[in-house]
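Participant: Numbering (our numbering), first residue to last: 321 to 438.
The beta carbon of each residue, even a glycine, is placed where N, CA and C say it ideally should be.
Bear in mind that the values here come from a model prediction, so they are computed numbers and not experimental data.
#1: For residue 437, count the other beta carbons within 10 Å of its own beta carbon; 16 or more makes it buried, fewer makes it exposed. Which is it?
#2: Excluding sequence positions up to five away, which residues of its chain have a Cβ less than 6 Å from the Cβ of residue 347?
#3: Would you mind reading off the limits of the beta strand (DSSP E) that contains residue 349?
#4: Would you kindly work out how many angstroms separate the C-alpha atoms of residue 406 and residue 353, rounded to a whole number?
#5: Within 10 angstroms of the Cβ of residue 329, are there 16 or more other Cβ atoms? Answer buried if so, exposed if not.
#6: List the endpoints of the continuous alpha helix (DSSP H) containing residue 341.
#7: Go through its chain and collect everything with a Cβ distance to residue 335's Cβ below 7 Å, but skip five positions before and after it.
#8: Measuring only the C-alpha atoms, how far is residue 400 from residue 420?
Quick look at the structure:
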């Protein structure tokens, strides 16, 4: 679950999710509130992205690469409908493959899975 729009938090969440997928685990990512920024095609609302170039120069996967990899590995990416509204965004702002659902749908989909909050 991603609830903040800070670059470092989103990067950590996507790294953990991509690593989990690569190890064969099922991954569901859900954005609430400001965390919706992690699922926007153009990263609307992303805070403090100053380290993006630094990571890329160091050969570390960036946010776009990580999100693309997650979608290619069949991770489920969803945002909360109320979070999208709160951020003043429409579903059209989201990256391809991101669903808009309510919190009950996320909880049902996640089931008894281990959860990390970023």
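Facilitator: Taking the structure as given:
#1: Taking the chain shown and counting its residues from 1, one reaches residue 437 at position 117. When all chains shown are included, residue 437 counts as exposed.
#2: For this step, residue 347 is matched to residue 27 along the chain shown. The residues 337, 340, 341 and 395, in chain order, have a CB closer than 6 Å to that of residue 347 in the same chain once the five nearest residues on each side in sequence are set aside.
#3: Position 29 of the chain shown, counted from the first residue, corresponds to residue 349. Its beta strand (DSSP E) spans residues 348-351.
#4: Working through the chain shown from its first residue, we reach residue 406 at position 86. Working through the chain shown from its first residue, we reach residue 353 at position 33. Cα to Cα, residue 406 sits roughly 7 Å from residue 353.
#5: Indexing the chain shown from 1 puts residue 329 at position 9. By the neighbour-count rule (16 or more Cβ atoms within 10 Å), residue 329 is buried.
#6: Here residue 341 refers to the residue found at position 21 of the chain shown. Per DSSP, residue 341 belongs to the alpha helix (DSSP H) from 327-342.
#7: Numbered from 1 along the chain shown, position 15 holds the residue referred to as residue 335. The residues are 386.
#8: Within the chain shown, the letter at position 80 stands for residue 400. Within the chain shown, the letter at position 100 stands for residue 420. Using only the alpha carbons, I get a separation of about 6 Å.
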